[in-house]
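Student:
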Amino acid sequence: MSNSNNSSRFGQWHDDYDSNRPYKKLKTDRVTEDDADSSSKTNTFQKQPIISNNVPDTEWWVVTRFRGKVSYGSVHVAVSTAIGEDNSLPNEMAIKTTEFSQASRLKNEGKFLHRLQDSPYVVSYYGNVDENTKKMLYNTILEYCPGQCLEKSIKSQRGRGLPENDVKRFAVDILSGLRDTHGKEIIHCDIKPKNILLAADLSGLRRPYGFIAKISGFGKAKRKGSDEYGEGWGQRRGTRRFMSPELIGDMVLDYGADVWAFGCTVLEMLTGKRVWEEEGELDWEDWITLIGDSGAVPHVPDHLSDKAKDFLSKCLERDPARRWTVDRLIRHPFVYDYSVEEEEDGIEDLGDA
Numbered sequence: 001m002s003n004s005n006n007s008s009r010f011g012q013w014h015d016d017y018d019s020n021r022p023y024k025k026l027k028t029d030r031v032t033e034d035d036a037d038s039s040s041k042t043n044t045f046q047k048q049p050i051i052s053n054n055v056p057d058t059e060w061w062v063v064t065r066f067r068g069k070v071s072y073g074s075v076h077v078a079v080s081t082a083i084g085e086d087n088s089l090p091n092e093m094a095i096k097t098t099e100f101s102q103a104s105r106l107k108n109e110g111k112f113l114h115r116l117q118d119s120p121y122v123v124s125y126y127g128n129v130d131e132n133t134k135k136m137l138y139n140t141i142l143e144y145c146p147g148q149c150l151e152k153s154i155k156s157q158r159g160r161g162l163p164e165n166d167v168k169r170f171a172v173d174i175l176s177g178l179r180d181t182h183g184k185e186i187i188h189c190d191i192k193p194k195n196i197l198l199a200a201d202l203s204g205l206r207r208p209y210g211f212i213a214k215i216s217g218f219g220k221a222k223r224k225g226s227d228e229y230g231e232g233w234g235q236r237r238g239t240r241r242f243m244s245p246e247l248i249g250d251m252v253l254d255y256g257a258d259v260w261a262f263g264c265t266v267l268e269m270l271t272g273k274r275v276w277e278e279e280g281e282l283d284w285e286d287w288i289t290l291i292g293d294s295g296a297v298p299h300v301p302d303h304l305s306d307k308a309k310d311f312l313s314k315c316l317e318r319d320p321a322r323r324w325t326v327d328r329l330i331r332h333p334f335v336y337d338y339s340v341e342e343e344e345d346g347i348e349d350l351g352d353a
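Position 130 of the sequence shown, counted from 1, bears residue number 130 in UniProt numbering, the numbering being contiguous throughout.
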């Protein structure tokens, strides 16, 4: 096993899934909106891999149940069977699996999660295992979260939005994760409610439903200064509905793209509705026109508090030079009381497995 994280931190991990979906419906190669990821200098989208739901037990774990699919693999829950010096795994974990030939995103995710292993606001990574069964499989070992991903938590409100104080707390968690991510010169490239996981919180703070929000889904991330990133031009990565104007229109990628997507995420938490929902379903060229060229911003309802509306305006500023950074946003009056409480508590460890 390639295990590059010996941390004893243990929250839990969960990603978007449908636990009621029978196995026979999982075989798919369709492209959905959330799979929208045009590679640099192209507008074509990558297909989902054919997903296997038969992940065998290994010397490291025993699979207990299937949880569903993610955009580039399947997710199973497993319990650790490793003992002694090899027992660096939590008792319960999530296994993301895909065919080795389709594993580029899982490998990319693991690379960045390893660099962020000290952040309590990023999902924990415990390594990877290659399996040579009938097909070569690539497995990434991550935290398992009993809580829903943020997207499902929002949907459970049936269009009413989350309570504002809950939004503030989750917003601070996400901003803290982005601060750690950007501090490592990493651009996430796909911030959205589906990629925010709600893990068990052991800090003692008054958190919504006892959960801490953690950033996951680093499969599309890029590091500034890398050969792949270059000068940031010719890039277009992420989910269309959450792309910033400069990213979808001019194909310019920088930290500000994460801030815009974060603003869209906060807006969805507050309203309970999808960002740009009023525009209906659009094709790719229409998204470029709407977000990149029209000068429009997502609709912010008048009934939100003045502080919330001002906070969103700083995130959803079309000019990336005027858009606020993560460090400025975390001091905004909308979230300031919660961010100060977070700093005073000095959370560094979420407990042992």
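By construction, the Cβ of each residue, glycine as well, lies at the ideal position given by its N, Cα and C atoms.
Please read these numbers as outputs of a predicted model, since none were measured by experiment.
1) Check whether the Cβ atoms of Leu175 and Val326 lie closer than 8 Å to each other.
2) Below 8 Å on the Cβ atoms is my guess for Cys315 versus Arg237; work out the distance and round it to an integer in Å.
3) For the 8 Å Cβ check, are there 3 or more pairs between the region 265 to 275 and the region 301 to 315?
4) Between the Cα of Val75 and the Cα atoms of Trp61, Ile288 and Thr97, which residue gives the shortest distance?
5) Look at the alpha carbon of Pro90 and the alpha carbon of Asp250, and state the distance between them as a whole number of angstroms.
6) Just tell me which of Lys184, Thr81, Glu92 and Gly183 has its CA closest to the CA of Pro146.
7) Helix, strand or coil: how does DSSP classify Leu165 here?
8) In three-state DSSP terms, what is Tyr209?
9) When you compare only the Cα positions, how much space is there between Ile212 and Glu285?
10) Measuring from the CB of Leu137, is there a heavy atom of the ligand ADP at a distance below 7 Å?
11) Please report the straight-line C-alpha distance between Asp201 and Gly210, rounded to a whole angstrom.
12) Measuring straight from C-alpha to C-alpha, what distance separates Asp337 and Glu164?
13) Look at the Cβ atom of Tyr138, then the Cβ atom of Leu116, and state whether they are nearer than 8 Å.
14) Could you give the DSSP three-state label for Asp337: helix, strand or coil?
15) Assuming Leu142 and Ala94 form a contact by the criterion Cβ under 8 Å, report the distance between their Cβ atoms to the nearest whole angstrom.
16) Please list the terminal residues of the continuous alpha helix (DSSP H) segment that includes Lys108.
Tutor: Working from what's here:
1) Cβ atoms of Leu175 and Val326: closer than 8 Å.
2) Contact between Cys315 and Arg237 is ruled out by a C-beta separation of about 19 Å, above the 8 Å threshold.
3) With the cut-off at 8 Å, the region 265 to 275 and the region 301 to 315 touch.
4) Minimum Cα distance to Val75 is reached at Thr97.
5) C-alpha of Pro90 to C-alpha of Asp250: approximately 43 Å in a straight line.
6) Among Lys184, Thr81, Glu92 and Gly183, the Cα nearest to that of Pro146 is on Glu92.
7) The displayed chain sequence assigns Asn, not Leu, to residue 165. Asn165 falls in the helix class under three-state DSSP.
8) Here Tyr209 sits in helix by DSSP.
9) Distance between the alpha carbons of Ile212 and Glu285 is about 37 Å.
10) No copy of the ligand ADP appears in this structure; indeed no ligand is present at all.
11) The alpha-carbon atoms of Asp201 and Gly210 are separated by roughly 6 Å.
12) If you take the alpha carbons of Asp337 and Glu164, they lie about 13 Å apart.
13) No; because the gap between Cβ atoms is not below 8 Å, this pair is not in contact.
14) Looking at Asp337 - three-state DSSP - the assignment turns out to be helix.
15) Leu142 to Ala94, Cβ: 5 Å. Contact.
16) In the sequence as presented, Lys is not what sits at residue 108; that position holds Asn. Asn108 -> alpha helix (DSSP H) spans Ser104 to Arg115.
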